[in-house]
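This report refers to the structure that appears directly beneath it.
Residue numbers (the numbering used here): 78 to 354.
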């Protein structure tokens, strides 16, 4: 049996969670106190990354750009790449579901003995909705979600940390499909990357299958906790061992203490935690 005690302390935007495991059922208590601080500079939206293209002559064409990009991402005698701006590959080896309201930014196919295919989408949904879409559709098609795969970092994480899920076509075997969703910092669509590896002996599926049989750590009990949209998370970190783990971060936000408490409490409840009054 497990016992889990959680103390959430918010002082001038500093949040601390300490998790301890000793052998009884989950028990979490939350106490909060904070002073909201508003940093005017945090309201500024950082400029989106961009690529500038310098054309040496009027004879410059999109075909030349495509050749340049293909050469830049490949090396002689290693792998061939095909690029499909604005569209999907015409001969996908397996059916990959695409949300109806998605915009296809483009795709690429690396060809060797097997294919590695990446599809880039803009989807006007939250990462959690996109994750649900693929779970429902892929499980119906016979894919297995790779349970037991956890990111190295848990607890308080940056809002920009993407949500990633891996599916394997067979238990412990490939092909594999990785869905990674990057949430927008504003009201824009979610950047979704689909990576399909057609290798039936894909090692990632066997590694995840073996990891699922491993011993759970204290770190595994604490879910990924994301800050609210518009908040600025700075610094922080976490650490621990087999029987204890802690996570902390500094947060600048316009939300009140109670709104902030609800935001993190909802994430803990969704992860299976219980609030003890």
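Quick reminder that beta carbons are idealized off the backbone N, C-alpha and C, glycines included. Only a predicted model underlies this, so the values are computations on that prediction, with no experimental measurement involved.
DSSP beta-bridge partners of residue i
{"i": "residue 162", "result": "183"}
{"i": "residue 197", "result": "183, 270"}
{"i": "residue 247", "result": "250"}
{"i": "residue 152", "result": "Answer by DSSP bridge pairing: none, since residue 152 is not bridged."}
{"i": "residue 222", "result": "244"}
{"i": "residue 259", "result": "268"}
{"i": "residue 188", "result": "157, 192"}
{"i": "residue 232", "result": "301"}
Of the listed residues the options, nearest to residue i (C-alpha basis)
{"i": "residue 256", "options": "233, 353, 191, 272", "result": "272"}
{"i": "residue 279", "options": "331, 149, 253", "result": "253"}
{"i": "residue 215", "options": "300, 188, 246, 141", "result": "246"}
{"i": "residue 206", "options": "158, 268, 148", "result": "268"}
{"i": "residue 199", "options": "186, 179, 211", "result": "179"}
{"i": "residue 250", "options": "281, 209, 265", "result": "281"}
{"i": "residue 241", "options": "262, 301, 193", "result": "301"}
{"i": "residue 248", "options": "223, 346, 298, 181", "result": "223"}
{"i": "residue 321", "options": "258, 298, 341", "result": "298"}
{"i": "residue 177", "options": "260, 210, 303", "result": "210"}
Chain-order list of residues whose beta-carbon lies under 6 Å from that of residue i (same chain, five-residue window excluded)
{"i": "residue 196", "result": "184, 271"}
{"i": "residue 191", "result": "275, 276"}
{"i": "residue 266", "result": "199, 200, 201"}
{"i": "residue 228", "result": "For residue 228, the pLDDT reaches just 48, beneath the cut-off of 50, and the residue's location in the model is therefore unreliable, leaving the point undetermined."}
Rounded separation between residue i and residue j - CA only
{"i": "residue 213", "j": "residue 138", "result": "43 Å"}
{"i": "residue 331", "j": "residue 308", "result": "7 Å"}
{"i": "residue 353", "j": "residue 243", "result": "34 Å"}
{"i": "residue 173", "j": "residue 218", "result": "10 Å"}
{"i": "residue 343", "j": "residue 204", "result": "16 Å"}
{"i": "residue 351", "j": "residue 337", "result": "17 Å"}
{"i": "residue 141", "j": "residue 349", "result": "53 Å"}
{"i": "residue 143", "j": "residue 202", "result": "30 Å"}
{"i": "residue 339", "j": "residue 306", "result": "14 Å"}
{"i": "residue 159", "j": "residue 347", "result": "41 Å"}
{"i": "residue 193", "j": "residue 187", "result": "5 Å"}
{"i": "residue 157", "j": "residue 239", "result": "28 Å"}
{"i": "residue 148", "j": "residue 189", "result": "16 Å"}
{"i": "residue 167", "j": "residue 161", "result": "9 Å"}
{"i": "residue 150", "j": "residue 328", "result": "38 Å"}
{"i": "residue 220", "j": "residue 260", "result": "25 Å"}
{"i": "residue 182", "j": "residue 263", "result": "19 Å"}
{"i": "residue 113", "j": "residue 164", "result": "Residue confidence for residue 113 is low, a pLDDT of 30 falling below 50, so the modelled location carries little weight; the figure read from the coordinates is stated next. Distance between the alpha carbons of residue 113 and residue 164: 46 Å."}
{"i": "residue 175", "j": "residue 345", "result": "30 Å"}
{"i": "residue 371", "j": "residue 152", "result": "The displayed coordinates of the chain run from 78 to 354. Any statement about residue 371 would go beyond what the structure contains."}
Proximal residues to residue i (C-beta, below 7 Å), its chain only, five neighbours per side dropped
{"i": "residue 326", "result": "92, 233, 310, 312, 313"}
{"i": "residue 146", "result": "160"}
Own chain residues within Cβ distance below 8 Å of residue i, not counting five before or after
{"i": "residue 208", "result": "240, 242, 256, 258"}
Beta strand (DSSP E) segments (min. 3 residues) lying fully within the stretch 301-351: The stretch 301-351 contains these whole beta strand (DSSP E) runs: 309-317, 321-329.
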